[in-house]
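K.L.:
Would you mind keeping the following structure in view while I ask a few things?
Number of protein chains: 2
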Amino acid sequence: MSTPSADAASALATGPDHGRPVVPSTGVLRPLGLDEVRITGGFWGRFQELNATTIIDHAERWMERVGWIGNFDAAVEGRLPVDRHGREFSDSDVYKLMEAMAWEIGRTGNTTLEARLVALVDRIAPVQEADGYLNTMFGRPGQQPRYSDLEWGHELYCYGHLFQAAVARGRTHGRDTLVEIAVRAADHVCETFGPDGLDAVCGHPEVEVALVELGRYTGDRRYLEQARLFVERRGRGTLAQIEFGQQYFQDDVPVRDAEVLRGHAVRALYLASGAADVAVETADAELLGAVDRQLATTLARRTYITGGMGAHHEGESFGDDYELPPDRSYSETCAGVAAVMTGQRMLLATGQARHADLVERALYNVVATSPAEDGKAFFYTNTLHQRTPGTVAASDAVSPRAAASLRAPWFAVSCCPTNVARTLASLGAYVATADDDGVQLHQYAPADIRTTLPDGEVVELRVLTEYPADGHIRVEVLRGAARPWTLSLRVPAWAEGASVTAAGSSEPVTAGYARVTRAFAAGEVVQLELPVHARWSWADPRVDAARGQVAVERGPVVMCLESVDLGADVATARVRTDEPPLERDGAVLVPVVTAELDDAAWPYRHGAPNPPASESRLVPLTPYHRWANRGPSTMRVWMPVV
Amino acid sequence: MSTPSADAASALATGPDHGRPVVPSTGVLRPLGLDEVRITGGFWGRFQELNATTIIDHAERWMERVGWIGNFDAAVEGRLPVDRHGREFSDSDVYKLMEAMAWEIGRTGNTTLEARLVALVDRIAPVQEADGYLNTMFGRPGQQPRYSDLEWGHELYCYGHLFQAAVARGRTHGRDTLVEIAVRAADHVCETFGPDGLDAVCGHPEVEVALVELGRYTGDRRYLEQARLFVERRGRGTLAQIEFGQQYFQDDVPVRDAEVLRGHAVRALYLASGAADVAVETADAELLGAVDRQLATTLARRTYITGGMGAHHEGESFGDDYELPPDRSYSETCAGVAAVMTGQRMLLATGQARHADLVERALYNVVATSPAEDGKAFFYTNTLHQRTPGTVAASDAVSPRAAASLRAPWFAVSCCPTNVARTLASLGAYVATADDDGVQLHQYAPADIRTTLPDGEVVELRVLTEYPADGHIRVEVLRGAARPWTLSLRVPAWAEGASVTAAGSSEPVTAGYARVTRAFAAGEVVQLELPVHARWSWADPRVDAARGQVAVERGPVVMCLESVDLGADVATARVRTDEPPLERDGAVLVPVVTAELDDAAWPYRHGAPNPPASESRLVPLTPYHRWANRGPSTMRVWMPVV
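So the sequence lines, in the order shown, correspond to chains A and B. Last residue of the first sequence: number 728 in the numbering used here, and the count goes up by one each step with no gaps. Last residue of the second sequence: number 728 in the numbering used here, and the count goes up by one each step with no gaps.
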């Protein structure tokens, strides 16, 4: 990993809010910022390194190549709409790239990246119109008028990503041109869509969560009020009827009345994040309770074992309760990112470990699944069952967004790569929080943590772990405090049999937080032991598509069976579950039988199928997030049981 | 049922080809026409009656109301494109209605319907341009130019339905204005897309099958040659790349090279029908073999137990092999109609009973499922598992084509109701065929059959049956022949234990055709006994979505469990399969248990699910084709096994 320069570190330390993506003015937990937590290696350190060396560059290069960045130049040079490239929301991907760059600069002080970000800002700035409007798709002669297609135009959605980029920049660098652009655009949004303005919402939620954060950053409560208005307006049918139905963009039921997330999954989760933020800032317990209820029901009935959300390709949407087909799981990478956003906000608001559990599940099994090992190709959708090997996308071709389940270098709709990039760059912010009593660790990674308790005492911790390869989490106190404070360590819900050791005594701990309260002295160690071993996991019987099948999880990591390990298509593979999965030399192995089946006959018969099984043999499983890194394969997370 | 007037009957009898929808110039079997076979009651007689009294009227009324017929008036009056209503292919539904009317007039001689059809023709005729072009969507000032959007424009598709309407008219009435319109349009198509014309195909196959039949009817081999050209051109990438991929419109692989049906199901099946017709007319055994192979593989791996085809809502398309989710079965009604078309063509070409089996399965479980009992609402998609009761579509509202799984009166894309109407009106043509040796019965319905054997001898048969309520099929010879000939009776593949009785002796018969060869005298009876009783049916283990579940079939009819019979949501219902399903007083009953399950918890657990089962109780099943006729319900064809 790159090392931050002294200058950059100092810039970050003096930036407002210390590099925190989310800074609620109230809530149970206080987030720590990128200057307070540094991931120093391990699983996520490697992903951050991949992001730093490859993913951000890859995204920038592709957006230059396909002309999405060039759209801004074309606007300045009066070449629009003729020379416009990409879909109506392509501006937003440039902003997401800029957000990723800003967090990454904050994290590492990379000066080359700093220059590239500044250059991008310089190309975008002149496109902003005098009244603050900024979009390359609308409003010019030959283009549709501004805000004439709120259902599909994505103008406010694009602002949302602009605002988030500006917040990232402001909180890692301070107010600069990017922040000023965002402020002018936000003022324009408030004037246009305020209480006396257009009674309308955007077809794609996103501006809500971004307006709240821009308001938190700038201190301008108008932005919060505008976010509140957008949240309250939604669900009242101001958007036109479309074939997918108004639930597609959550305009079917008011946010505070809804029982479950529904419609387009990314839209639903961005909205939930924004609604949670609005609820926190306005002390609206009813609204926060609505988001909590919707999220809980969604997790109970509409979420894949990976934490993936979205069961329909059509409409990229949630399905009905328990409708979770592995072979048609949409589980868009962006929905994984959005679930992390929602989970983190609910964690900060409530302090409940179940929200950090969701963040962990989605990070390890959706966000980490998207990028290829080389960082140059991505999953847009994340299927749990690949029936055909498919073909590898050409490295120089744009792929349809969901045509293949093999990673592709870039997509016609390419929201996911930049979403992964901004998440990885800001990942340190998900590791730990503080409250009046002490420090909480939520996500386990080798990390250095340095924060100040409310009474002004500075504490420093070092986390050492190979998690999730194993479950040993060692927390060394580098700098203690004179008074007792509480170190809380999250115990995931799957971790039956966990224990914590502190001051020489060991205790079993259960799901939630293991709390150790002491006047920690420098050199003290707290050790959490999580039972990271492979286990069979079964689905509720109402998840019909997983009936008679079993999955394997190892710690937070979902495993899968890949044809490259089986030496055959996974279509007829079944596993024996008499014994737990075997762990040997770092590999997880399960006993698999295969069968020779007729594939030319009518497939419905009088007798129950009882295909002759081969001798079982031990076959290694692959972490789901690493599948399809060894060429085309077939794969399944849910394995039929003999 | 209406009785044909003497005039109409005589018009039909003297019409060319005697009311046959498909008249191959060669093939193993010769189709009988509507003047040779009359369905006289029973299951399909009731559907024909519903069609005659309600469905055709309903479709005409709706198309007047939504302006799709009015588009032709608007064209004449110069009000296009401003006053155009409906999607780009709405002309085709007017033509399908006209085809249904033509067959219905041929069947019953209904003089009111005759006047309505003539009136429709009079409104369409003046829209045809001097060179034969006819379409309300393209070519006028303010509209896109002709043939500028072959991917989505559906111009040739619309001609296809025009040609099929004209063939129906010609073969039940003789050449009239409708036929002349079609001939001018077909000439225009040949000039525009012939060997020296545009090297292109239509994004939606249909014109191929229609051109062959128009060629058979008129004797003009140019139409056949044009169909052959369209079939050979497809699969060579002349259509533009789209997000669904070129397999969506079968432009990915040449027809004779493909291994399985793929992409949009209706497109694939219309193309297969056309390719089969071209193969037969050009004695192209390779092409016929290709269709046979693709259809066989599709039946083995990509077809629902209902005969339904199309596993994806997105793209209305086939899925991968064995990807057949009951809860997302698209199984479009039109794909059922198209499967019937393809199956019937392959039956005529090969004489193999398996093709008639497909026709039967799709008729009883897809085509018959679409219309509501009152004939005023239709399924567009045919799900095999309804998870939410949904809401009944308003009787005066147009529904999105696939938004709900409850029948709706009309759709924004409303291809299905008219497709059902034309199929029901011409259903007599599927009942029986003849060859040099005698007569074959393929579909069982009470019917009167009168045909002439090649040596000029007239034979008359009367079929008496309550099939599929029971399996007794009695064939009375009303008029025999001096020389021996063969009566062949199809024995469906499911009918294990069937027997045939003739001349006092009874014999077991197996799947295929039971053949009785005699110099049948008037008054002789042949009795076929099919074992119509309820049976458990299991899916191949690779149909993952049906794993651990069982269906019930009774004769050709797939059954289902509906919440209105269970008295509860079907979500937790499981059945015991120790004994065969019970049949009592005409009902099929199965032992069902239900369970109380937590629906607020994370649904993936360590232990195998073993929900406590209630006492089992006998619950009646409903024929799948009759489900959702008693208000909103949840339903499943595949029932989990205890």
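Ideal Cβ positions, reconstructed from N, Cα and C, are used throughout, including at glycine. Predicted, not measured: the structure shown is a model, and the values here were computed from it.
If we define contact as Cβ-Cβ less than 9 Å, is A:R621 a contact residue for chain B?
P.N.:
In the first sequence, the residue the question calls residue 621 of chain A occupies position 535. Yes, because at least one Cβ of chain B sits closer than 9 Å to the Cβ of A:R621.
K.L.:
Relative to chain B, which residues along the stretch 423-451 of chain A have a C-beta separation below 8 Å, given in chain order?
P.N.:
Per Cβ criterion, the list is empty.
K.L.:
To the nearest angstrom, how far is the alpha carbon of A:D522 from that of A:P540?
P.N.:
As a first step, residue 522 of chain A is located in the first sequence; it is residue number 436 there, counting from the start. As a first step, residue 540 of chain A is located in the first sequence; it is residue number 454 there, counting from the start. For A:D522 and A:P540, the distance between alpha carbons rounds to 6 Å.
K.L.:
Please classify B:S176: does DSSP put it in a helix, a strand, or coil?
P.N.:
Taking the second sequence and counting its residues from 1, the one referred to as residue 176 of chain B is at position 90. Helix.
K.L.:
For B:R712, tell me which candidate among B:G156, B:L236, B:T455 and B:G405 has the shortest Cα-Cα distance.
P.N.:
The count along the second sequence starts at 1 and reaches residue 712 of chain B at position 626. For B:R712, the nearest C-alpha among the options comes from B:T455.
K.L.:
Please give me, in chain order, every unbroken run of the alpha helix (DSSP H) with length at least 4 that falls completely inside the stretch 504-587 of chain A.
P.N.:
Listed in chain order, nothing qualifies, since the stretch 504-587 of chain A has no complete alpha helix (DSSP H) run of 4 or more residues.
K.L.:
Leaving out five residues on either side along the sequence, give the residues of the same chain with a beta carbon under 8 Å from the beta carbon of A:E241.
P.N.:
As a working mapping, residue 241 of chain A is identified with position 155 in the first sequence. Once the five neighbours on either side are set aside, the close Cβ partners of A:E241 are N221, M223, F224, R232, Y233 and C288.
K.L.:
Quick one, which of B:A251, B:C244, B:P227 and B:G195 has its alpha-carbon nearest B:V207's?
P.N.:
Here residue 207 of chain B refers to the residue found at position 121 when the second sequence is read from its first residue. Checked all of B:A251, B:C244, B:P227 and B:G195; the closest Cα to B:V207 is B:A251.
K.L.:
Tell me which residues share the same chain as B:M87 and place their Cβ nearer than 6 Å to its Cβ, disregarding the 5 neighbours each side in the sequence.
P.N.:
Along the second sequence, read from residue 1 onward, the residue named residue 87 of chain B stands at position 1. Its pLDDT being 34, under 50, B:M87 is placed unreliably in this model, and the value from its coordinates should be taken loosely. Only E135 meet the Cβ criterion.
K.L.:
Does any CB atom of chain B fall closer than 9 Å to the CB of A:P690?
P.N.:
Taking the first sequence and counting its residues from 1, one reaches residue 690 of chain A at position 604. Before going further, note that residue 690 of chain A is Tyr rather than Pro in the sequence given. Taking Cβ atoms only, chain B reaches closer than 9 Å to A:Y690, which makes this a yes.
K.L.:
For the 8 Å Cβ check, are there 3 or more pairs between the stretch 285-300 of chain B and the stretch 313-323 of chain B?
P.N.:
Because the criterion of three Cβ pairs below 8 Å is met, the stretch 285-300 of chain B and the stretch 313-323 of chain B touch.
K.L.:
One question on the structure: do B:S54 and A:H692 come within less than 9 Å of each other, judged by their Cβ atoms?
P.N.:
This structure cannot speak to residue 54 of chain B, because chain B is shown only from 87 to 728.
K.L.:
Tell me whether B:G128 sits in a helix, a strand or coil according to DSSP, three-state version.
P.N.:
The count along the second sequence starts at 1 and reaches residue 128 of chain B at position 42. Looking at B:G128 - three-state DSSP - the assignment turns out to be helix.
K.L.:
May I ask you to report which of helix, strand or coil DSSP gives A:P706?
P.N.:
The residue labelled residue 706 of chain A in the question sits at position 620 within the first sequence. Residue state, collapsed to three classes: strand.
K.L.:
Spell out the partners DSSP gives A:R660 in its beta bridges.
P.N.:
The count along the first sequence starts at 1 and reaches residue 660 of chain A at position 574. DSSP output for A:R660 lists A:V679 as bridge partner(s).
K.L.:
Which word fits A:V275, buried or exposed, when buried means at least 16 other C-beta atoms lie within 10 angstroms of its C-beta?
P.N.:
Along the first sequence, read from residue 1 onward, the residue named residue 275 of chain A stands at position 189. With 16 or more other Cβ atoms within 10 Å, it is buried.
K.L.:
Three Cβ pairs or more, each shorter than 8 Å: is that satisfied between the stretch 147-156 of chain B and the stretch 559-579 of chain B?
P.N.:
Flag = no, the stretch 147-156 of chain B and the stretch 559-579 of chain B do not touch.
K.L.:
When burial is assigned at 16 or more other CB atoms within 10 Å of the CB, is A:A607 buried or exposed?
P.N.:
Sequence index remark: in the first sequence, residue 607 of chain A carries index 521 (1-based). Under this definition A:A607 is an exposed residue.
K.L.:
From this set, B:V109, B:E367 and B:L527, which residue's C-alpha is nearest B:Q312's C-alpha?
P.N.:
As a first step, residue 312 of chain B is located in the second sequence; it is residue number 226 there, counting from the start. B:Q312 has its Cα closest to that of B:E367, out of B:V109, B:E367 and B:L527.
K.L.:
For a contact meaning CB atoms closer than 7 Å, what does A:R576 contact in chain B?
P.N.:
Taking the first sequence and counting its residues from 1, one reaches residue 576 of chain A at position 490. Correct list: empty, because the minimum Cβ distance to chain B is about 16 Å.
K.L.:
Contact criterion: CB-CB distance below 9 Å. Does A:H711 meet it with respect to chain B?
P.N.:
Looking up residue 711 of chain A in the first sequence gives position 625. Taking Cβ atoms only, chain B never reaches closer than 9 Å to A:H711, which makes this a no.
K.L.:
Where B:V168 and B:A201 are concerned, what is the direct C-alpha to C-alpha distance, given to the nearest angstrom?
P.N.:
Counting from 1 along the second sequence, the entry for residue 168 of chain B is found at position 82. Counting from 1 along the second sequence, the entry for residue 201 of chain B is found at position 115. For B:V168 and B:A201, the distance between alpha carbons rounds to 30 Å.
K.L.:
At 7 Å on the CB atoms, spell out the chain A contacts of B:V629, in chain order.
P.N.:
One-based indexing of the second sequence puts residue 629 of chain B at position 543. Going along chain A in sequence order, the residues near B:V629 (Cβ under 7 Å) are P689.
K.L.:
For chain B, check one thing: does any of its Cβ atoms lie closer than 9 Å to the Cβ of A:D378?
P.N.:
Counting from 1 along the first sequence, the entry for residue 378 of chain A is found at position 292. Taking Cβ atoms only, chain B never reaches closer than 9 Å to A:D378, which makes this a no.
K.L.:
Please list, in chain order, the chain B residues whose beta carbon lies closer than 9 Å to that of A:Q635.
P.N.:
Position 549 of the first sequence, counting from 1, holds the residue named residue 635 of chain A. In chain order: D630, R633 and G634.
K.L.:
Give me the subset of the stretch 400-413 of chain A whose CB atoms are less than 9 Å from a CB atom of chain B, sorted by chain position.
P.N.:
For the stretch 400-413 of chain A, which is checked against every Cβ of chain B, the residues closer than 9 Å are E400, G401, G405, D406, D407, Y408, E409, L410, P411, P412 and D413.
K.L.:
Drop a sphere of 10 angstroms on the beta-carbon of B:V586, count the other beta-carbons inside from all chains shown, and report buried for 16 or more, exposed for fewer.
P.N.:
Translated into the one-based positions of the second sequence, residue 586 of chain B becomes position 500. Buried, since its Cβ has 16 or more Cβ neighbours within 10 Å.
K.L.:
Would you say A:G323 faces chain B, with C-beta separation under 9 Å as the test?
P.N.:
The residue given as residue 323 of chain A occupies position 237 in the first sequence. Not closer than 9 Å to any Cβ of chain B, the Cβ of A:G323 fails to qualify, so no.
K.L.:
Sort A:A681, A:P666 and A:A654 by Cα distance to A:S719 and report the nearest one.
P.N.:
To locate residue 719 of chain A, count along the first sequence from 1; it is residue 633. That would be A:A654, whose Cα lies nearest to the Cα of A:S719.
K.L.:
How would you write the range of the beta strand (DSSP E) that B:V341 sits in, first residue to last?
P.N.:
Taking the second sequence and counting its residues from 1, the one referred to as residue 341 of chain B is at position 255. Where B:V341 is concerned, there is no enclosing beta strand (DSSP E), given that its DSSP letter is neither H nor E.
K.L.:
Between B:R342, B:I191 and B:Q214, which has its C-alpha nearest B:L203's C-alpha?
P.N.:
As a working mapping, residue 203 of chain B is identified with position 117 in the second sequence. Measuring from the Cα of B:L203, the nearest candidate turns out to be B:I191.
K.L.:
Look at the alpha carbon of A:F279 and the alpha carbon of A:L527, and state the distance between them as a whole number of angstroms.
P.N.:
To locate residue 279 of chain A, count along the first sequence from 1; it is residue 193. To locate residue 527 of chain A, count along the first sequence from 1; it is residue 441. Roughly 40 Å between the two C-alpha positions.
K.L.:
Between B:E329 and chain D, is any beta-carbon pair separated by less than 9 Å?
P.N.:
Structure shown: chain D not included; protein chains present are A and B.
K.L.:
Would you identify the three-state DSSP class for A:T603, choosing helix, strand or coil?
P.N.:
In the first sequence, counting from the first residue as 1, residue 603 of chain A sits at position 517. Strand, per DSSP.
K.L.:
Quick check on DSSP: helix, strand or coil for A:M187?
P.N.:
Position 101 of the first sequence, counted from the start, is the residue given in the question as residue 187 of chain A. The answer is helix: DSSP assigns A:M187 an H, G or I state.
K.L.:
Given a cut-off of 9 Å, decide if A:R660 and A:V644 are closer than it, judged by their beta-carbon atoms.
P.N.:
Within the first sequence, residue 644 of chain A is the residue found at index 558, counting from 1. Within the first sequence, residue 660 of chain A is the residue found at index 574, counting from 1. Their beta carbons are not under 9 Å apart, which means A:V644 does not touch A:R660 by this criterion.
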